[in-house]
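Numbering of the sequence shown is given in this note's numbering, commencing with residue 4 and proceeding in unit increments. The beta carbon of each residue, even a glycine, is placed where N, CA and C say it ideally should be.
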Amino acid sequence: MPEKKSQKRILLIATGGTIATRMTKDGLVPQMTSQEILACIPEIASICEVDTIQLFNLDSTNICHMQWIQVVSCIQDHYAQYEGFVVTHGTDTMAYTAAALSYMIQESPKPIVITGSQKSIYMKETDGRVNLLNAFYYAISSYASGVHIVFDGKAILGTRARKTRTKSYNAFSSIDYPETARIRDGRVIPIAEENYSDRIPKFYLKLNPNVFVFKLIPGISADIFSFLKNSYDAVIIESFGVGGIPSYGKQKKDFFKAIGDWIQSGKILIMATQVPHEGSDMEVYQVGYTIKEKYELIESYDMTLEAVVAKTMWILGQTADRQQFRTMFYQPVQRDIL
4 MPEKKSQKRI LLIATGGTIA TRMTKDGLVP QMTSQEILAC IPEIASICEV
54 DTIQLFNLDS TNICHMQWIQ VVSCIQDHYA QYEGFVVTHG TDTMAYTAAA
104 LSYMIQESPK PIVITGSQKS IYMKETDGRV NLLNAFYYAI SSYASGVHIV
154 FDGKAILGTR ARKTRTKSYN AFSSIDYPET ARIRDGRVIP IAEENYSDRI
204 PKFYLKLNPN VFVFKLIPGI SADIFSFLKN SYDAVIIESF GVGGIPSYGK
254 QKKDFFKAIG DWIQSGKILI MATQVPHEGS DMEVYQVGYT IKEKYELIES
304 YDMTLEAVVA KTMWILGQTA DRQQFRTMFY QPVQRDIL
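Rendered as structure tokens:
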């Protein structure tokens, strides 16, 4: 049976996304307000008390660090007034937002639940109503704390979520870590609890967005580093397999030299992998071991790319010191690195 009515107060923060869209001559556009979205699931009134805020109304393609700061500021301003928070958001950048909020609001005993849908809640056939209802069930449960995505009956840690399907209702997967709960017919079934009930939340509002993701492809040139130097403070290299740096014929030393110059200029370089599961391990092959030993490269191991990007922006917002960056990067936050 569903959980009985809770006296908990939950704040719904609407940011746009597919769940809030209506059809226009140019395609779907977020137009519905937070109150209109809430009105689509009247049964919420029997679950908890809900207030709403329309923070902005954007397609999530247009959401970046500036909006993350707005969301965190809103939650911080209202943190004492509510027992939990539900954020409606578009799916395309939802995993980035979930990761960013995981670093910007750490060890929150109150749940911060992000949800959305693959079809507008305005449509007859939609996953929006179930997802939103489940987000509230999770937000009032005794198991929930910290930042999670709730989607298709699953609760996923904000640092472990990735959008793996573009159209299907089961759009999100938990990468290399168990889902924290399943939600079925109003019942929250815990799987891997994350409990911060005895903690005091830490809020951060500074980010450095000057982070570039560089995906290796066969035959790519190292010349790109010279173009990046004036605009970016950190580069994340998505390498092949467990991680390595290529060397091509006469240009054998080009990547080694470019990476050396980048690091010597005081900038951050992080090695990641293009492979979705099981992470990097640069010490397996010579193509990774040699350069990692030479430059003491930072390696992302089993972190998701979304978490690596968000964590890098967050750390650079707190410090410009390379050694401190390295220490903070390897300090686990909400199971982001195991």
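Who are the Cβ neighbours of residue i in its own chain at under 6 Å, not counting the five residues just before and after it?
i: E3; result: Any property of residue 3 remains undetermined from this structure, which presents the chain solely from 4 to 341.
i: I239; result: V216, I273, A275 and V311
i: P193; result: Y146 and A184
Give every residue of the same chain whose Cβ lies closer than 7 Å to the Cβ of residue i, excluding the five residues on either side of it in the sequence, and list them in chain order.
i: E86; result: K11, R12, I13 and K113
i: I176; result: Residue identity check: residue 176 is Ser in the sequence provided, not Ile. These residues qualify, in order along the chain: R165 and T167.
i: R132; result: C43, I44 and I124
By DSSP, does residue i sit in helix, in strand, or in coil?
i: F154; result: strand
i: T162; result: coil
i: E281; result: coil
i: D257; result: helix
i: G263; result: helix
i: Y304; result: coil
i: E39; result: helix
i: K205; result: strand
i: M26; result: strand
i: Y235; result: coil
i: S268; result: coil
i: S177; result: strand
i: M4; result: Annotation note: pLDDT 47 at M4 (below 50); position unreliable, no value reported.
i: G149; result: strand
i: E46; result: helix
Which same chain residues end up closer than 8 Å to residue i when comparing Cβ atoms and leaving out the 5 residues on each side of it in sequence?
i: Y180; result: L160, R163, A195, R338 and L341
i: H68; result: A103, L210, P212 and M316
i: I271; result: D236, A237, V238, I301, T315, L319, R325 and F328
Around the Cβ of residue i, are there at least 16 other Cβ atoms within 10 angstroms (buried) or fewer (exposed)?
i: T307; result: buried
i: G19; result: buried
i: T330; result: exposed
i: I220; result: exposed
i: F230; result: exposed
i: I124; result: buried
i: K218; result: exposed
i: Y304; result: buried
i: V245; result: buried
i: Q109; result: buried
i: S200; result: exposed
i: M26; result: exposed
i: G291; result: buried
i: T322; result: exposed
Cβ of residue i within 8 Å of any heavy atom in the ligand COA?
i: Y333; result: The model depicted lacks the ligand COA and carries no ligand whatsoever.
Beta strand (DSSP E) containing residue i: first to last residue?
i: I143; result: No beta strand (DSSP E) contains I143, which is instead part of the alpha helix (DSSP H) from G131 to I143.
i: Q57; result: E52 to L61
i: F215; result: V214 to K218
i: L272; result: I271 to T276
Could you spell out where the alpha helix (DSSP H) holding residue i opens and where it closes?
i: K297; result: Q289 to Y298
i: V74; result: H68 to H81
i: F332; result: R325 to F332
i: L104; result: M97 to M107
Review point. Are the stretch 146-155 and the stretch 90-109 in contact at 8 Å, needing three or more beta carbon pairs?
Key: Contact between the stretch 146-155 and the stretch 90-109 is present, because at least three Cβ pairs lie under 8 Å.
Check your understanding: Per the contact definition of three or more C-beta pairs closer than 8 Å, is the stretch 303-314 in contact with the stretch 158-169?
Key -> A contact exists between the stretch 158-169 and the stretch 303-314.
Practice item. Would you check if there are 3 or more beta carbon pairs closer than 8 Å linking the stretch 129-147 to the stretch 41-61? Key: In short, these stretches touch, since the Cβ pair count reaches three.
Review point. Counting pairs of beta carbons, one from the stretch 168-186 and one from the stretch 203-210, are three or more of them closer than 8 Å?
Key: With contact defined as three or more Cβ pairs closer than 8 Å, the stretch 168-186 and the stretch 203-210 are not in contact.
Review point. Would the stretch 87-99 and the stretch 328-337 be scored as touching if the rule is three or more Cβ pairs under 8 Å?
Key: Segments in contact, no.
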